[in-house]
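Scroll down for the structure; my scribbles are underneath it.
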Amino acid sequence: MGSLLSSCNNATPENYFDEAVLNVNLLTPFGGQAALQSLAHPSVKLVPGTKDQTTPMTRKELVEDQIQRVEGNLSQIKALPDSEETRDMVQTSVKLHEFVLPIYKTEYRQLAKLYDEGGSQPDRVSTAREIDTKYLTDYQALFKHLIELGKAYATKHQIKVEWQTLPF
Numbered sequence: 141m142g143s144l145l146s147s148c149n150n151a152t153p154e155n156y157f158d159e160a161v162l163n164v165n166l167l168t169p170f171g172g173q174a175a176l177q178s179l180a181h182p183s184v185k186l187v188p189g190t191k192d193q194t195t196p197m198t199r200k201e202l203v204e205d206q207i208q209r210v211e212g213n214l215s216q217i218k219a220l221p222d223s224e225e226t227r228d229m230v231q232t233s234v235k236l237h238e239f240v241l242p243i244y245k246t247e248y249r250q251l252a253k254l255y256d257e258g259g260s261q262p263d264r265v266s267t268a269r270e271i272d273t274k275y276l277t278d279y280q281a282l283f284k285h286l287i288e289l290g291k292a293y294a295t296k297h298q299i300k301v302e303w304q305t306l307p308f
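In this text, residue positions in the sequence shown follow the numbering used here: the first is 141, and each later residue adds one.
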């Protein structure tokens, strides 16, 4: 019975690591000041019906895109087969994603709206400071814990990683 169950779990150590740890790059940079910087210089998108003309994305589009990526990644993490060895790492990744998602859906949307509707720089800075004050410490703690778990897991399974995490 045990060998049958383990044969159904075809998730490799690399799969666990990629989904639970590596993909948190989607969540960085996080925090109000980081949001100010990323929203100040929006990406571009193709103008519909053209192949080479671009236009800046609205900040709302940037935030909505981020929300979709976080939701998609969270679904993939939750779909990983449960394993005693990976449980803490996977659960920490889930907690981190579930922590940031409502912040993207509320405060980040508000900040994007301030940009898109011409809100003042002081209002944008104030909103960013509120995000940092409320959430940054908890985000950093979860992020650091996940990276520590990921480093140990990668070492144990000889997964080659170049760690270039942000200093907090």
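All C-beta atoms in this analysis are idealised placements derived from N, C-alpha and C, irrespective of residue type, glycine included. The structure presented is a predicted model; accordingly, all values stated were derived computationally and were not measured.
- The bridge partners DSSP lists for Leu186 are Thr194.
- Under the Cβ criterion (8 Å, minimum of three pairs), the region 220 to 229 counts as touching the region 286 to 295.
- Excluding the 5 residues flanking it on each side, Arg249 has same chain C-beta neighbours closer than 6 Å at Val203, in chain order.
- Exposure of Ala281 is indicated by the presence of fewer than 16 other C-beta atoms within 10 angstroms of its C-beta.
- Sequence-distant partners of Leu241 (beyond 5 residues in either direction) whose C-beta falls short of 6 Å from its own C-beta, in its chain, are Val210.
- Rounded to whole angstroms, the separation of the alpha carbons of Ala268 and Pro182 is 17 Å.
- Contact between the region 215 to 226 and the region 170 to 179 is absent, with fewer than three C-beta pairs closer than 8 Å.
- Going by DSSP, Tyr156 is part of the alpha helix (DSSP H) stretching over Pro153 to Ala160.
- Here Tyr255 is near Arg199, since their CB atoms are less than 7 Å apart.
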